[in-house]
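As structure tokens, the structure follows; a few thoughts come after it.
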Amino acid sequence: MTPKYHIPLRILQAVFSIVVLALSSYVAFIQNQTGYHSATQINFLIFVPTFSLLSLLFLELAPRLAPKASNQYVLFLVQCLVGGFYLAGFIALSVFLGQLMYCQGSICTAAKVDAVFGALSYVVWMASATILGIEMSRFGRRYESTGASTEKVSDNGVLV
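Residues in the sequence shown are numbered from 140 upward in steps of one, following this note's numbering.
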């Protein structure tokens, strides 16, 4: 990924993952305190940011520690997988909240905000995957997982 977008996207991914994890944990905690089991949608949105943070570690450390072993297609697949998880999570939570007869108080507000940050996380992860996919298609097999091309390309797209 180009350095221009790499760091800001990774920071947004980490921050949004922490926010979704905190909100989902809060909602699950309150639901468990009231004697009800937490909703499956909330439990899934506890799993997704945890997986997301572990994926961030993999995406950042694999190219640095084992550049020959980190495959560009695996990095692309991991980013798409996390984006797909966020898509499924925020849609499931939104449908669940839409079917409730009444939704009031801080727990409901936290669940709604959780769905919004889940959607934002989806957008950020898919933007990252899209940028990586564009770079992979532009450079083909010559693209390294460190974000650098092994060949130089001029401004008009001709190999130099």
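The beta-carbon is built from N, C-alpha and C at its ideal position, and this holds for glycine as well.
This one's a predicted model, so the numbers in the text were calculated from it and none came from an experiment.
- Here the C-alpha atom of residue 179 lies approximately 28 Å from the C-alpha atom of residue 149.
- Per DSSP, the unbroken alpha helix (DSSP H) holding residue 265 starts and ends at 244–278.
- Contact check between the stretch 237–254 and the stretch 198–214: fewer than three CB pairs, one atom from each, fall below 8 Å, which does not count as touching.
- Around the beta carbon of residue 268, 16 or more other beta carbons lie within 10 angstroms, which makes this residue buried.
- Just measuring C-alpha positions, the residue of 171, 173 and 275 sitting nearest residue 213 is 275.
- About 13 Å separates the CB atoms of residue 228 and residue 166; that is not less than 8 Å, and the two are not in contact.
- Counting only the Cα atoms, residue 277 lies some 32 Å from residue 230.
- Within the same chain, Cβ atoms closer than 8 Å to the Cβ of residue 215 are found at 268, 271, 272 and 275, the five residues on either side in sequence being excluded.
- In this structure, residue 185 lies near residue 163, with their beta-carbon atoms less than 7 Å apart.
- A check of alpha carbon separations from residue 226 across 240, 153, 144 and 263 identifies 263 as the nearest.
- Within the model, the alpha-carbon separation for residue 222 versus residue 173 is close to 32 Å.
- Of 144, 261, 265 and 257, the smallest CA-CA separation from residue 158 is found for 257.
- Boundaries cannot be given for residue 210, as no alpha helix (DSSP H) includes it and DSSP labels it neither H nor E.
- Inclusion of residue 155 and residue 260 in the CB contact set at 7 Å is warranted, their separation being smaller than that value.
- Close CB contacts of residue 143 within its chain, under the 6 Å cut and outside five residues either way in sequence, are absent.
- Here residue 223 carries a helix assignment [DSSP, helix/strand/coil].
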